[in-house]
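Undergrad: Here you go, one structure.
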């Protein structure tokens with residue numbers, strides 16, 4: 004069942020709500036642990052050893 008257009012918010016109202024909700028977050032700095040976690044490389048310690056894994060040879 005479709006929603007009535009009487010209850011639907013306009014795109015401008017949605018954008019204004021998002022700006023008011025997330026706008027204040029841009030001024031805040033993350034704590035030190037979060038900043039370090041954000042900057043480290045993903046899969047930093049990942050490596051494949053031996054050339055064969057799960058019975059398959061790697062190219």
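Numbering (the numbering used here), first residue to last: 4 to 62. Just so you know, even glycine gets a beta-carbon here, dropped at the ideal spot from N, CA and C.
1. Taking the C-alpha atoms as reference points, what is the distance between residue 45 and residue 52?
2. Kindly indicate which three-state DSSP category residue 46 falls into: helix, strand or coil?
3. Three-state secondary structure (DSSP) at residue 33?
4. Is DSSP giving residue 11 helix, strand or coil here?
TA: Quick look at the numbers:
1. Translated into the one-based positions of the chain shown, residue 45 becomes position 42. Translated into the one-based positions of the chain shown, residue 52 becomes position 49. As the crow flies, the alpha-carbon of residue 45 is around 18 Å from that of residue 52.
2. On the chain shown, residue 46 is found 43 positions in, with the first residue counted as 1. Coil, per DSSP.
3. Walking along the chain shown from the start, residue 33 turns up at place 30. The three-state secondary structure of residue 33, taken from DSSP, is coil.
4. Walking along the chain shown from the start, residue 11 turns up at place 8. Residue 11 falls in the coil class under three-state DSSP.
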